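A.B. asks: Quick note on full-length UniProt numbering: the sequence shown kicks off at 1 and runs consecutively. Backbone N, C-alpha and C define an ideal beta-carbon position, used for all residues, glycine too. Nothing here was measured: the structure is a model prediction, and the numbers come from that model. Sending over a structure as structure tokens; questions will come in a sec.
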Amino acid sequence: MSTSESLSNSSQVIGSNTDNLYHAIDRDNVHGLNLTVPEDAKETIKPWDERDSTDKYADSNVDDQMVIHVPFSQNVRVKSLLLKLGRGETAPQRLRIYTNYPNIVDFSEAEDLKPSLNITLLEGETGVVEYPLRMASFSSINTLSLFFSESIGGDVTRLYYLGFKGEMRAVRKEGSNKLEIPAANAADAPVDRLAEKTAAQQPTAK
């Protein structure tokens, strides 16, 4: 996605919490790389009504790069990304997202792997900003590794809030490939390709 596309398709969040994926995130297993306090990675995963809070946040450590790894307890379709970034010099300008890697994508791997999304982030925003995502690339997600970098000051990157909007698809079974499909979604579960094709025709970011 180009810088112009990310700017034109990003917007200040307005609306409700109806499709927020907070409860589908395995928050206890959210972790990060190059954080001043490693446990702060999960502190960025907040309930919707705490999205504007600045009491808890994650700071990068030795430079302005950080990776946040987010596992989900269910397979999900991610429609958009919600971010509240640091202000001023702590605001990152670049985000790369890697999908469905069981372990966190580290910095050396990130240089060799092609991200599912590589965008320039909006500057100067003080609230939560919503970035629409391509459904075809994010239609069946169980983990995301988010690589933030290039802070304006070049020394520290800060993240206050990280959230997602989308749909829950199925419960992941430990030690089994079998998925429990909710009855309401059973009809569309076996036809991922068709669902992705249909989703790709929707007016979301490309």
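Could you tell me the distance, in whole angstroms, from the CA atom of G32 to the CA atom of T44?
C.D. replies: Rounded to whole angstroms, G32 to T44 spans 11 angstroms at the Cα level.
A.B. asks: For F147, collect the residues of the same chain with a Cβ closer than 6 angstroms to its Cβ; drop the 5 residues on either side in sequence, then sort them by chain order.
C.D. replies: Closer than 6 angstroms at the Cβ level, and outside the excluded window around F147, lie V67, R96, A110.
A.B. asks: Within 8 angstroms, do at least three Cβ pairs link the segment 145 to 160 to the segment 59 to 66?
C.D. replies: Flag = yes, the segment 59 to 66 and the segment 145 to 160 touch.
A.B. asks: Between V37 and N61, what straight-line distance do the alpha-carbon atoms span, to the nearest angstrom?
C.D. replies: Each residue's alpha carbon lies about 8 angstroms from the other.
A.B. asks: For N75 and P92, I'd like the C-alpha separation in whole angstroms.
C.D. replies: Going from the Cα of N75 to the Cα of P92 covers about 28 angstroms.
A.B. asks: Using the C-alpha atoms, what's the distance from A41 back to Y57?
C.D. replies: When rounded, the distance between both Cα atoms is 8 angstroms.
A.B. asks: Check whether the segment 134 to 144 touches the segment 46 to 56, taking contact to mean three or more Cβ pairs, one atom from each stretch, closer than 8 angstroms.
C.D. replies: Verdict: no, contact absent.
A.B. asks: In chain order, which continuous runs of the alpha helix (DSSP H) of length 4 or greater are located wholly inside the segment 94 to 122?
C.D. replies: Taking only runs of at least 4 residues, the alpha helix (DSSP H) segments lying wholly in the segment 94 to 122 are 107 to 112.
A.B. asks: Once the 5 residues before and after D19 are set aside, which same chain residues still bring their CB inside 8 angstroms of it?
C.D. replies: K79, K165, G166, E167.
A.B. asks: Nearest CA to the CA of T99: which residue from T54, E89, S116?
C.D. replies: Of T54, E89, S116, the residue nearest in Cα terms is S116.
A.B. asks: Rounded to the nearest angstrom, what separates A195 and A24 at their Cα positions?
C.D. replies: Confidence at A195 is low in this model, with a pLDDT of 40, below 50, so its placement is unreliable and the value that follows should be read with caution. Cα to Cα, A195 sits roughly 21 angstroms from A24.
A.B. asks: For Y152, which residues does DSSP report across the bridge?
C.D. replies: Inspection of the sequence shows that residue 152 is occupied by Ile rather than by Tyr. In DSSP, I152 forms no bridge with anything.
A.B. asks: When you compare only the Cα positions, how much space is there between L21 and K114?
C.D. replies: C-alpha separation (whole angstroms): 25 angstroms.
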